[in-house]
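Enquirer: Pasting a structure here, questions to come.
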Amino acid sequence: MATENTKCVIIGSGPAGYTAAIYASRANISPILYEGIQPGGQLTTTSEVENFPGYPEGVMGSQLMEDLRRQALRFGADIRNGIIKDVDFSERPFKVTADDNTVILADTVIVATGASARYLGLPDEQRFAGLGVSACATCDGFFYRGKTVAVVGGGDTACEESLYLSGLAKQVYLIVRKDFLRASKVMQKRVMDKENITVLFNTNTLGLFGEEFLEGAHLVEFAGTDKEHKFDINIDGFFLAIGHKPNTDIFRGKLELDDQGYIVLPGKSQATSVEGVFAAGDVADSHYQQAITAAGTGCRAALDAEHFLMEHQQ
Ligand code: NDP
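Counted the way the numbering used here counts, the sequence shown spans residues 26 to 339.
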């Protein structure tokens, strides 16, 4: 079992992790970054990113992540393809164990493991990923200008995404499994007032169909009752908005998490409940969840780690 010592381990390789690596490398902290299950993070599953400042013509999500990765490498970050399977934050240096059983003793840790969109679990969701199925209206909505789309969910995210899409698409269906929206009253009213949003209450999605691209969804209303009614809608886009799951399983009981599982940042910095452990990106942000905000907090976490190391003379 190999054991190494480092000033900083960064766990995760989305915009937050890579940005933290760029800043930490330039501060001569020589961070080791573990890329995790999905190198590059969620943006590698989207197509074009048009709202990341600095790319006036837009950039493919995977290209953006490759650029950030190369930028971190340029300053000497040690980027490794591997997964952190266990952490011990009970004493410093912290003990971080990778899936190849490498043990790293780290003076600071930056957690940037992100969040994963929840999917319904339909087999066709994967088949049409990037070909009509998306979990991010802000990222992909622009491609559905003048088209017909559906959003699944009844919370604030689903309402927000429906409203955003209603400004682009010709028609938006909001598929809600209950007979009410869980979203805040103000969001509900905005949705109900929009002429081109049709809310389908008591409705579930049975499947998706299409040849190469998504063409429609099989739905059922009042499933399992005597009013059960199956029908299809023709759509070009199918947006999941049934919540995100922060990737915090290995931190449970080791860092303070909120009731949704997101890492709690008790102060005004990126510091977590454990001194010397910092968090950045979606894993500590259930609200904004944008690439640029993740990158911003990655920068903050690296600066926080640098200050921590200076204060502790390490
Ligand atoms: P929520 O957990 O609030 O809502 C998830 C929605 O998805 C619910 O309507 C739920 O249905 C539905 N859902 C879950 N699983 C399924 C399924 N398998 N099939 C169909 N529907 C399903 O998540 P959000 O992402 O909307 O919000 C997360 C948090 O962030 C909330 O606290 C929210 O208030 C907040 N937020 C605030 C915003 C704002 O203030 N502007 C914007 C966005 C989010 P059901 O109701 O039946 O459980």
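Think of the CB as a built atom: it goes at the ideal place given N, C-alpha and C, for glycine as much as any other residue. Since the structure is predicted, the reported quantities are computational estimates derived from the model, not experimental observations.
My understanding is that A27 touches I35, with C-beta atoms under 8 Å, so please give their C-beta distance in whole angstroms.
Expert: The count along the sequence shown starts at 1 and reaches residue 27 at position 2. The count along the sequence shown starts at 1 and reaches residue 35 at position 10. Not confirmed; about 19 Å, so no contact.
Enquirer: Determine the closest residue to A162 out of L190, R325 and Q338, with distance taken between C-alpha atoms.
Expert: By one-based count along the sequence shown, residue 162 stands at place 137. The option with the nearest alpha carbon to A162 is L190.
Enquirer: Short check: CB of G276 to CB of V128, under 8 Å?
Expert: Sequence index remark: in the sequence shown, residue 276 carries index 251 (1-based). Sequence index remark: in the sequence shown, residue 128 carries index 103 (1-based). Looking at the sequence shown, residue 276 is not Gly but Phe. Cβ distance not < 8 Å, so F276 and V128 don't count as in contact.
Enquirer: Could you pull out every unbroken beta strand (DSSP E) segment of at least 3 residues lying fully inside the stretch 192-270, listed in chain order?
Expert: As far as the stretch 192-270 is concerned, its whole beta strand (DSSP E) runs of at least 3 residues are 196-200, 222-225, 228-234, 241-246, 254-259 and 262-265.
Enquirer: From what residue to what residue does the alpha helix (DSSP H) around A316 run?
Expert: Residue numbering aside, residue 316 sits at position 291 when the sequence shown is read from its first letter. In this chain, the alpha helix (DSSP H) harbouring A316 covers A316 to E336.
Enquirer: Please specify which runs of the alpha helix (DSSP H), each continuous and at least 4 residues long, are wholly inside the stretch 74-139, giving them in chain order.
Expert: 86-99
Enquirer: Is I108 near G61, with beta carbons less than 8 Å apart?
Expert: Position 83 of the sequence shown, counted from the first residue, corresponds to residue 108. Position 36 of the sequence shown, counted from the first residue, corresponds to residue 61. Cβ distance < 8 Å, so I108 and G61 count as in contact.
Enquirer: My output table needs one value for F153: the three-state DSSP class, helix, strand or coil.
Expert: Position 128 of the sequence shown holds residue 153. Here F153 sits in coil by DSSP.
Enquirer: Does the ligand NDP have a heavy atom nearer than 7 Å to the CB of K203?
Expert: Along the sequence shown, one-based indexing puts residue 203 at 178. For the ligand NDP, at least one heavy atom lies less than 7 Å from the Cβ of K203.
Enquirer: Which partner residues does F167 have in the DSSP bridge list?
Expert: For the purposes of this step, residue 167 is taken as residue 142 along the sequence shown, with counting starting at 1. DSSP, once it has assigned bridges, lists no residue as partnering F167.
Enquirer: Tell me whether V308 sits in a helix, a strand or coil according to DSSP, three-state version.
Expert: Here residue 308 refers to the residue found at position 283 when the sequence shown is read from its first residue. Helix at V308.
Enquirer: Does the count of Cβ pairs from the stretch 303-311 and the stretch 273-293 closer than 8 Å reach three?
Expert: yes
Enquirer: Could you tell me if the beta carbon of R215 falls within a distance shorter than 7 Å of some heavy atom in the ligand NDP?
Expert: As a working mapping, residue 215 is identified with position 190 in the sequence shown. Every heavy atom of the ligand NDP is 7 Å or more from the Cβ of R215, so no.
Enquirer: Leaving aside the five residues before and after G262 along the sequence, list all residues of the same chain whose C-beta is less than 6 Å from its C-beta, in chain order.
Expert: Against the sequence shown, residue 262 aligns to sequence position 237. The residues are G157, Y169 and V174.
Enquirer: By how many angstroms is the C-alpha of T133 removed from the C-alpha of A330?
Expert: Position 305 of the sequence shown, counted from the start, is the residue given in the question as residue 330. Position 108 of the sequence shown, counted from the start, is the residue given in the question as residue 133. In a straight line, the C-alpha of A330 is about 6 Å away from that of T133.
Enquirer: How is the beta strand (DSSP E) around I47 delimited, first residue to last?
Expert: For the purposes of this step, residue 47 is identified with residue 22 of the sequence shown, where counting begins at 1. I47 -> not in any beta strand (DSSP E); alpha helix (DSSP H) instead, spanning P40 to R51.
Enquirer: Taking A140 and P271 to be in contact with their CB atoms under 8 Å, please state how far apart those CB atoms are, rounded to whole angstroms.
Expert: For the purposes of this step, residue 140 is taken as residue 115 along the sequence shown, with counting starting at 1. For the purposes of this step, residue 271 is taken as residue 246 along the sequence shown, with counting starting at 1. About 5 Å separates the two Cβ atoms, so the contact holds.
Enquirer: Beta carbon of V84, beta carbon of A316: below 8 Å?
Expert: Counting from one through the sequence shown, the residue named residue 84 turns up at place 59. Counting from one through the sequence shown, the residue named residue 316 turns up at place 291. The answer is no: Cβ separation not under 8 Å.
Enquirer: What is the rounded straight-line gap between the Cα of L147 and the Cα of A154?
Expert: Here residue 147 corresponds to residue number 122 of the sequence shown, with the count starting at 1. Here residue 154 corresponds to residue number 129 of the sequence shown, with the count starting at 1. L147 and A154 have their alpha carbons spaced roughly 11 Å apart.
Enquirer: Which residues in the same chain as R51 place their Cβ atom closer than 8 Å to its Cβ, once the five residues preceding and following it in sequence are excluded?
Expert: In the sequence shown, residue 51 corresponds to position 26, counting from 1. Answer for R51: F100, listed in chain order.
Enquirer: Got a sec: does the ligand NDP put a non-hydrogen atom nearer than 7 Å to the Cβ of D284?
Expert: Looking up residue 284 in the sequence shown gives position 259. No, since every heavy atom of the ligand NDP falls outside the 7 Å radius drawn around the Cβ of D284.
Enquirer: Is it the case that the Cβ atoms of A248 and V177 are separated by a distance below 8 Å?
Expert: Mapped onto the sequence shown, residue 248 falls at position 223. Mapped onto the sequence shown, residue 177 falls at position 152. Not a contact, by the Cβ cut-off of 8 Å.
Enquirer: Shortest alpha-carbon distance to F256 belongs to which of S209, N227 and L282?
Expert: Taking the first residue of the sequence shown as position 1, residue 256 is located at position 231. Per the Cα distances, N227.
Enquirer: Identify which residue in D149, G42, G86 and V224 has its Cα closest to the Cα of A97.
Expert: Here residue 97 refers to the residue found at position 72 of the sequence shown. Per the Cα distances, G42.
Enquirer: Measuring CA to CA, which of V197, E237 and G166 is closest to R152?
Expert: For the purposes of this step, residue 152 is identified with residue 127 of the sequence shown, where counting begins at 1. Among V197, E237 and G166, the Cα nearest to that of R152 is on E237.
Enquirer: Should T273 be listed as close to the ligand FMN, given that the test is whether its C-beta is under 7 Å from any heavy atom?
Expert: Among the ligands modelled here, namely the ligand NDP, the ligand FMN does not occur.
Enquirer: According to DSSP, simplified to helix, strand and coil, what is A160?
Expert: The residue you call residue 160 lines up with position 135 of the sequence shown. A160 falls in the coil class under three-state DSSP.
Enquirer: Specify, as a first and last residue, the run of the beta strand (DSSP E) that E29 falls within.
Expert: Translated into the one-based positions of the sequence shown, residue 29 becomes position 4. Taken as a continuous stretch (DSSP letters only), the beta strand (DSSP E) holding E29 covers T28 to I36.
Enquirer: How long is the line joining the alpha carbons of L233 and I260, rounded to whole angstroms?
Expert: Sequence index remark: in the sequence shown, residue 233 carries index 208 (1-based). Sequence index remark: in the sequence shown, residue 260 carries index 235 (1-based). Roughly 10 Å between the two C-alpha positions.
Enquirer: Residue range of the beta strand (DSSP E) that Y59 falls in?
Expert: Reading the sequence shown from its first residue, position 34 is the one you call residue 59. For Y59, the uninterrupted beta strand (DSSP E) segment begins and ends at I57 to Y59.
Enquirer: Terminal residues of the continuous beta strand (DSSP E) containing A296?
Expert: Position 271 of the sequence shown, counted from the first residue, corresponds to residue 296. First-last for A296: undefined, no H or E at that position.
Enquirer: Once the 5 residues before and after I222 are set aside, which same chain residues still bring their CB inside 7 Å of it?
Expert: For the purposes of this step, residue 222 is taken as the residue at position 197 of the sequence shown. Within the same chain, I222 has close Cβ partners S187, S191, V197, L199 and V216.
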